[in-house]
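J.:
Protein chains in written order, with the working numbering: chain A, -1 to 358; chain B, 2 to 263; chain C, 97 to 419.
1) At a CB-CB cut-off below 9 Å, which residues of chain A make contact with residue 344 of chain C?
2) If you reduce the DSSP assignment to three classes, tell me which class residue 206 of chain B lands in.
3) DSSP state of residue 267 of chain C, grouped into three classes?
4) Looking only at its chain, what residues have a beta carbon closer than 7 Å to the beta carbon of residue 190 of chain C, apart from the 5 residues adjacent to it on each side?
5) Taking DSSP as the reference, what is the three-state secondary structure of residue 246 of chain C?
6) Can you pull the chain F neighbours of residue 103 of chain B, defined as C-beta to C-beta under 8 Å?
7) Would you decide whether residue 338 of chain C is buried or exposed? Buried here means 16 or more other CB atoms lie within 10 Å of its CB.
8) Is the beta carbon of residue 25 of chain B closer than 8 Å to that of residue 9 of chain B?
9) Determine the burial state of residue 26 of chain A: buried for a count of at least 16 other Cβ atoms within 10 Å of its Cβ, exposed for fewer.
10) Contact criterion: CB-CB distance below 8 Å. Does residue 394 of chain C meet it with respect to chain A?
11) Which of the three DSSP states, helix, strand or coil, is assigned to residue 14 of chain B?
12) For the beta strand (DSSP E) containing residue 85 of chain B, list its first residue and its last residue.
13) Whose Cβ in chain B lies nearer than 7 Å to the Cβ of residue 229 of chain A?
14) When we look at the beta-carbon of residue 232 of chain A and count the other beta-carbons within 10 Å, is it buried (16 or more) or exposed?
15) Please decide whether residue 255 of chain A counts as near chain C, where near means a Cβ-Cβ distance under 8 Å.
16) Quick test of the definition: if touching needs 3 or more C-beta pairs under 8 Å, does the segment 351 to 360 of chain C touch the segment 369 to 385 of chain C?
17) Pick out the complete alpha helix (DSSP H) segments inside the segment 22 to 86 of chain B, 4 residues or longer, and give them in chain order.
18) Name the chain B residues whose beta carbon is nearer than 7 Å to that of residue 217 of chain A?
19) Look at the Cβ atom of residue 64 of chain A, then the Cβ atom of residue 284 of chain A, and state whether they are nearer than 8 Å.
20) Using beta-carbon positions only, say whether residue 247 of chain A and residue 121 of chain A come within less than 8 Å of one another.
21) Compile a chain-ordered list of the residues in the segment 113 to 126 of chain B whose CB is closer than 9 Å to at least one CB of chain A.
22) Quick check: what's the CA-CA separation for residue 151 of chain B versus residue 134 of chain B?
23) Does any C-beta atom of chain C lie closer than 8 Å to the C-beta of residue 71 of chain A?
24) Kindly indicate which three-state DSSP category residue 172 of chain B falls into: helix, strand or coil?
25) Is the beta carbon of residue 333 of chain C less than 8 Å from the beta carbon of residue 147 of chain C?
26) Chain A beta carbons: is any one of them nearer than 8 Å to that of residue 227 of chain C?
27) Based on DSSP bridge pairs, tell me the residues matched to residue 289 of chain B.
28) So, for residue 173 of chain C: in the same chain, excluding its five sequence neighbours on each side, which residues have a beta-carbon less than 8 Å away from its beta-carbon?
29) Please return the same chain residues whose Cβ sits closer than 7 Å to the Cβ of residue 306 of chain A, not counting the five positions on each side in sequence.
30) Can you grab the Cα-Cα spacing for the pair residue 228 of chain A / residue 184 of chain C, in whole Å?
31) Straight-line CA distance for residue 3 of chain A to residue 13 of chain A?
32) Does the Cβ of residue 203 of chain B have 16 or more other Cβ atoms within 10 Å, making it buried, or fewer, making it exposed?
33) What runs of the alpha helix (DSSP H), each 4 residues or longer, lie entirely inside the segment 231 to 278 of chain A?
34) Give me the Cα-Cα distance between residue 217 of chain B and residue 28 of chain B, rounded to the nearest whole angstrom.
35) Taking only three categories from DSSP, how would you classify residue 226 of chain B?
36) Among the residues of its own chain, which have a CB less than 7 Å from the CB of residue 45 of chain B, if the five just before and after it don't count?
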């Protein structure tokens, strides 16, 4: 139903089918491209691919919170941090040595178990933080989440006995594939494929939610919370769900990040990291899944590749993002690849030229 | 006489020092079209908000088929069987007309997140049933040709109809309409009256706030009159037209206000 | 009882009041803008940062190579630095409103759009300074020597005072910052309450639609509001740069969030509330820093923000619901 593109006249169905085919073909090509690309690029570029993939996961999750449910979460990176630290601490690399860490079993299975555990951990943290704060109106929520994000960072920075304080936790183990015993090591490629799998899973889950009554409830809340409540939408519960999904996605990204870089420290989780993810979501198009991925590519991929050639450009990074955010809000609030719904809302005088396929 | 569908007893709402609704009783039988009229600021919409849970009443109680609704959250009350439209249209502007109705229909759906993530049969059934029933409701109110149009692109009158369809989607026993005729031209009003009767015939009871007396007279069997937050009269519309208290509420104050405001 | 609540307390109170006064000055800008637009001017912290930068640039040019020769010269230099600091603040605030907000108001954008635009503007401003001045702290040359002006342990009547009070030593810096901030805020408060323009601001804050119908030029009122907030934030930047002796592209962020906290604590939209909130927050966090260690100071400030929003969203003096 929402795949139908509203053009006039009776050719609607034909057009829609044609367009669908083009989109599907594009998606298949894009997926193939993503799968083979690491084998044709340098090590430095492979590292960047991993970075883009981690960032895509983050953007995917934040898009549910900001894009679908319309909740501006400026402390989003805190959930990435709790994910990374969960693995960092429980792997036994930190100051605390859990009894199970150090066993052969843990060396093989630990990472994968934590990947699941972090879903529960972050869902709990997300719910705990969300249930009081999600009652607040939009801009207050933004500030409170920002405060929460900073609290997490400062706590990590000061709990020497748990998080290793400012020095962080180093020598976090790399994942190993159980039974085969394959060790991911420092090679970026296996991480890239792992992230690709997680991304596909995330995209499927979130797309399906989007097309269910939950997705409709989110949009309804974003559009008019009072009316949504009056139509039987349990608004607080739905907002919490969006928040928790965002939190778990970021947590998973954090676990992979910690094991890839085998090091976590509070410096990775300052408020600017939250802004960066937000920037990706906004640039790509709030509420648009392909948009978030494209946004992550532009925000992290483009500057990183540029930096390989022109290292001196790096200091212009955030400056440029600032301009992008303002310019997008003024000239193209619906983003690069708008969601079909969002486009109508944000661009009131708008011209409906929807790019048919992801530009990434 | 049939058992009451809605019975509100001594409903009271106070804002600061101002009593917006004072001890209002209202009993509605199934199958009725009940009118609720009164001058601006009489407390009609506040009374609606007390019934639908937007406000928590400071006194009295609201029963739907004998079940107490006080203190329930609005979405629970909707699920209990009371749906509403808004005085100022509050559609989900960028969703299509059909999706708007589907949000209402979702109040009756039970498939949760897990079901959606794994595309389980319950979820598929909900979605399928949702679009079919949504289209049926759009046809019922006469705007099915705009099913895939974003709600904000609809004409004013059609938006009013869409709000009604969305509310009907929640399968209410009682439908509260808050000034549905506001801003409509005479022809649209005719259509609206017809629609209201049609809704009643589909076994939905209606409580209607309306300023347009022609509409009230045209569809309501009984009308309650609020003034200054209190119910001052109740009865068949013809009888109320002659009721001196009602005339005073409308004309008396109106004249006084005119003099003061000039 | 820990030291932070006994012997250290007077000293912490004084420091807290002077930091709090700076917070209050910034908070006023948040509160005024919130009053007329019902939005959080997220980039306000950068206005403050630019004020500090303006002060730094002037002071470092005016102080002669060998340092200031007399206190009078130092005072003159600071007074001179106030001009660019305040002007830069006002200018930045107006530019912000024109570029980042007005186009959005014109198309009646959703609230989220304003916040994102503000975050963008904030990144742009702070990183412009970073590109220009580099990422490191820059030190202000000394102008007025910081010294203890009140030492209760060393006066004629010290003997009759309890021991804890005898330890009270208050620096000239704290007193100057506090007094200047108070004077500026009283001036603004009077302006809002007495002048014609101030009446316009209050009218728009009450009900912008009606105010517009009554002939108030809303765009002008909004511009003036941003200017006032900007001037104050610029002045706060000067006080901050002088009292801490350093400036940097990122100094806006923390005081910005704390000032916002102060505005919410006092009751957003309420001018005197911002003052009260700022002072209280400054004192709280300074005392807390003494009790729990300075590394937890910011956590205390953020916790206060969260708790106020949860339990008293109208703030101490406010009447606007923050939910």
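Glycine included, every Cβ here is placed at the ideal spot set by N, Cα and C. Predicted, not measured: the structure shown is a model, and the values here were computed from it.
T.: Quick look at the numbers:
1) Result: empty, since nearest Cβ-Cβ is about 14 Å, beyond 9 Å.
2) It is a strand residue.
3) If DSSP states are grouped into helix, strand and coil, residue 267 of chain C belongs with the strands.
4) Around residue 190 of chain C: 319, 322, 323 and 326.
5) Looking at residue 246 of chain C - three-state DSSP - the assignment turns out to be strand.
6) You won't find chain F in this structure, because its protein chains are A, B and C.
7) Looking at its Cβ environment, which holds 16 or more other Cβ atoms inside 10 Å, residue 338 of chain C is buried.
8) Contact flag set, yes.
9) Exposed, because fewer than 16 other Cβ atoms sit within 10 Å of the Cβ of residue 26 of chain A.
10) Residue 394 of chain C counts as touching chain A.
11) The answer is strand: DSSP assigns residue 14 of chain B an E or B state.
12) Counting along the chain, residue 85 of chain B sits inside the beta strand (DSSP E) bounded by residues 83 to 85.
13) What residue 229 of chain A touches in chain B: 79, 104, 105, 108, 167 and 171.
14) Per the 10 Å Cβ criterion, buried.
15) Interface residue (Cβ-Cβ distance to chain C less than 8 Å): residue 255 of chain A is not classified as such.
16) Verdict: yes, contact present.
17) Fully enclosed alpha helix (DSSP H) runs of no fewer than 4 residues occupy 45 to 53 and 75 to 81 of the segment 22 to 86 of chain B, in order along the chain.
18) Residues of chain B passing the Cβ test: 93 and 96.
19) Contact flag set, yes.
20) In this structure, residue 121 of chain A does not lie closer than 8 Å to residue 247 of chain A by Cβ.
21) Residues passing the 9 Å Cβ filter: 113, 114, 116, 117, 118, 119, 120 and 124.
22) For residue 151 of chain B and residue 134 of chain B, the distance between alpha carbons rounds to 18 Å.
23) Not one chain C Cβ lies under 8 Å of residue 71 of chain A.
24) Note: residue 172 of chain B maps to coil in three-state DSSP.
25) The answer is yes: Cβ separation under 8 Å.
26) Chain A, which has a Cβ nearer than 8 Å to the Cβ of residue 227 of chain C, makes this yes.
27) The shown model of chain B, from 2 to 263, leaves out residue 289 of chain B, and the question about it has no answer.
28) So the qualifying residues of the chain are 154, 155, 158, 159, 164 and 239.
29) Closer than 7 Å at Cβ, skipping near neighbours: 42.
30) In a straight line, the C-alpha of residue 228 of chain A is about 48 Å away from that of residue 184 of chain C.
31) Per-residue confidence for residue 3 of chain A stands at a pLDDT of 41, beneath the threshold of 50, marking its modelled position as unreliable; no derived number is given.
32) By the 10 Å Cβ count, residue 203 of chain B comes out exposed.
33) List check, alpha helix (DSSP H) in window: 233 to 259.
34) Linking residue 217 of chain B to residue 28 of chain B through their CA atoms gives a straight-line distance of about 18 Å.
35) Correct three-state label for residue 226 of chain B: strand.
36) Within the same chain, residue 45 of chain B has close Cβ partners 37, 39, 210 and 227.
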